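A short worksheet on the structure shown next.
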DNA sequence: CCCCACATGTAAGAGGTTACATGATTCG
DNA sequence: CGAATCATGTAACCTCTTACATGTGGGG
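This is how it looks when you write it as C-alpha cells:
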C-alpha cells in the first residue's frame, strides 16, 4: 500500500491516539499546518480509504457521541507508518510568493523594492508570533519529544527569515542613500536588457 | 485580469527579456525552482492565455529558428506585473516531509529517530550545494540586484537548516547516552497514550 | 547518421482548497 | 432558544506533475 501524503499525516496522528476526522483537522491546524497542511476534503475520503486498506479501523465505542467516528491505527497501519518514516525519501517544497516578487523586483523602481521585503518580514513575524503562542500554551513535558523539536524548527526558521529581511531592508535603504532612481522603463519591443542574465 | 501563479512567473521573466516557453522553463529550473517551480504543462497553456489577454505578445521575428515562439511583455502586461508585485498579499507554503516525519518520530524507537534528522541534513546540504554552484557560476555584477538577494536567502536558509539539524543530531546522541530505549509498542486497542498531547 | 539539445504541445491524473449541505449537542 | 462548536461529507474547481507525442537542427 502506497501511502498518500495525507494518508501519512492521518496515520501519524492516529499512532498517538484514537481520533476522528474532525480531531485530526483540528490537530493539523494547530501543529503540522506550518509545514504540512490538510483539509476536510482530503481527510474524510482518505480515512475511508485507509480503513478499507485495513491500516486503520473505526473504534465505535458507544456513548452517544453525536455522529462521531473515531479511528485507531491497526498493526499493519503502524507497520506502514514505520516503513514510511524510514524510507529515506523526503521532499521539501517551498513556495514563497514574497521571494518570487523580490526576484522580479527589477520591474519596480528602487524606492518601492524595499516594500516587498517589509511585507515578507511582516509575514514571517506573524508566523513566528503564532508559533510562540503555541509554544507558550505547551505544558512542560519530560524529555524532549520530537514534536517539540519541530516547533523549535518553525520558530527558528521564521526568526532567521525576519533577521534576513531586516538586514536586507537596511541594505536597500543604505543603497537608496547612494543614488536616486534606477527605474527600468522599457516595454514591448525592449528586448534583452539589464535583467537578462539573472540566474539563481 | 487575475494573474495565476504561473502567470506571474512568466510575466516576471518576460519583463527582463523576450523568451520562449522553453527558455522560461530552463530559467525557472536554474533559478526560481528553489521557491517556485513550473512545468511545461503549465507554461505553454498559460502563455496562450496571457497572449489572449493581451499581457504578452509573440515577437515572431523571422530567422529560421525552428518552431520557436518568443514572447515579449506588453504595456498592460507590465502594469499587471507591477500591480501584482505591490498587491501586498504573499503566501508562503512550506511542505517539508522530513519535518513531518520528525513530528511523528514517537512511533519509532529512539535509536532510529536520529536517522530522520540525518536525512534532513543531507537534503539541505544538497540544496545548499546546488545553490552555491549557481552562485559561483554568476558573473560579477554591479550593484546588488534583487535576484542575488533571493539567492542569498536560499543559501542562508539551507545553511541555517543544516546547522539546526547538526545541533539536533548532537542533542539526540547525547540523549542516547543517558538512557537506552523508550519504544512505544501499543497498537490497535491502545487508546490514548504518551503522544496524546502533542500540539505544536 | 545518430544523438542531443531545442522546441511545442496535450492528456491524464494526483493532490489540494473552497464552498456548500447537513445535522447534533452544549452552553449561556 | 440561539449561537458556537462538534461532526461528517461532497462537488466543483484549481494547480501542478508526469508522461507522452511530435518534430527540427547542429555537431560528432
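Chains as they are written, first to last, in our numbering: chain C, 1 to 200; chain U, 1001 to 1200. Beta carbons are placed, not taken as given, at the ideal position from N, Cα and C, and that holds for glycine. The structure displayed is predicted, hence computed values, not measured ones.
| query | result |
| --- | --- |
| Just the C-alpha distance for residue 11 (chain C) and residue 1017 (chain U), rounded to the nearest angstrom, thanks. | 48 Å |
| Inspect the beta-carbon positions of residue 123 (chain C) and residue 105 (chain C) and report whether they are closer than 8 Å. | no |
| Given this structure, state the Cα-to-Cα distance separating residue 161 (chain C) from residue 128 (chain C), to the nearest angstrom. | 10 Å |
| Tell me whether the region 1040 to 1057 of chain U and the region 1071 to 1079 of chain U touch, counting them as touching only if at least three CB pairs, one residue from each stretch, are closer than 8 Å. | yes |
| Closer than 7 Å by beta-carbon distance: list the chain C residues that pair up with residue 1111 (chain U), in chain order. | Under the 7 Å cutoff, chain C gives no residues; its nearest Cβ is about 12 Å from residue 1111 (chain U). |
| State the Cα-Cα distance for the pair residue 22 (chain C) and residue 66 (chain C), rounded to the nearest angstrom. | 12 Å |
| For residue 1193 (chain U), count neighbouring C-beta atoms within 10 Å of its own C-beta (all shown protein chains included) and say buried if the count is 16 or more, exposed if not. | Since pLDDT at residue 1193 (chain U) reaches only 40, below the 50 mark, its modelled position is unreliable, and no value is offered. |
| Determine whether the beta carbon atoms of residue 27 (chain C) and residue 13 (chain C) lie at a separation below 8 Å. | yes |
| Is the region 147 to 159 of chain C touching the region 1136 to 1145 of chain U in the sense that three or more CB pairs, one from each, lie closer than 8 Å? | no |
| Let me know the beta strand (DSSP E) ranges lying completely inside the region 1009 to 1081 of chain U, each 3 residues or longer, listed in chain order. | 1056 to 1058, 1071 to 1073 |
| With 9 Å as the limit, tell me which residues of the region 137 to 163 of chain C have their beta carbon closer than that to any beta carbon of chain U; keep them in chain order. | 137, 138, 139, 141, 143, 144, 145, 146, 147, 148, 149, 150, 151, 152, 153, 154, 156, 157, 160, 161 |
| Does the beta carbon of residue 1090 (chain U) sit closer than 8 Å to a beta carbon anywhere in chain C? | yes |
| Can you tell me the Cβ-Cβ gap for residue 1119 (chain U) and residue 88 (chain C), rounded? I've got them flagged as a contact below 8 Å. | 6 Å |
| Output yes if chain C places a C-beta closer than 8 Å to the C-beta of residue 1166 (chain U); else output no. | no |
| Using a Cβ-Cβ cut-off of 7 Å (strictly less than) and excluding sequence neighbours within five positions of residue 1172 (chain U), which residues of its own chain qualify? | 1113, 1114, 1117 |
| Name, going along the chain, the residues of the region 1 to 14 of chain C whose beta-carbon falls closer than 9 Å to a beta-carbon of chain U. | 5, 8, 9, 11, 12, 13 |
| Measure the Cβ-Cβ separation of residue 1203 (chain U) and residue 147 (chain C) and say whether it is below 8 Å. | The shown model of chain U, from 1001 to 1200, leaves out residue 1203 (chain U), and the question about it has no answer. |
| Taking only the alpha-carbon atoms, compute the straight-line gap between residue 1015 (chain U) and residue 130 (chain C) and give it to the nearest angstrom. | 36 Å |
| With respect to the beta strand (DSSP E) encompassing residue 1093 (chain U), which residues constitute its N-terminal and C-terminal limits? | 1092 to 1096 |
| Short check: CB of residue 1149 (chain U) to CB of residue 168 (chain C), under 8 Å? | yes |
| Can residue 85 (chain C) and residue 1025 (chain U) be called in contact, C-beta distance under 8 Å? | no |
| Looking only at its chain, what residues have a beta carbon closer than 8 Å to the beta carbon of residue 1040 (chain U), apart from the 5 residues adjacent to it on each side? | 1021, 1025 |
| Thinking C-beta only, is residue 1170 (chain U) closer than 8 Å to residue 1110 (chain U)? | no |
| Flag residue 1173 (chain U) as yes if its beta-carbon sits less than 8 Å from any beta-carbon of chain C, otherwise no. | no |
| Just how far apart, CA to CA, sit residue 82 (chain C) and residue 1144 (chain U)? | 47 Å |
| Does the distance from the C-beta atom of residue 1097 (chain U) to that of residue 90 (chain C) stay below 8 Å? | yes |
| Just how far apart, CA to CA, sit residue 71 (chain C) and residue 1002 (chain U)? | 42 Å |
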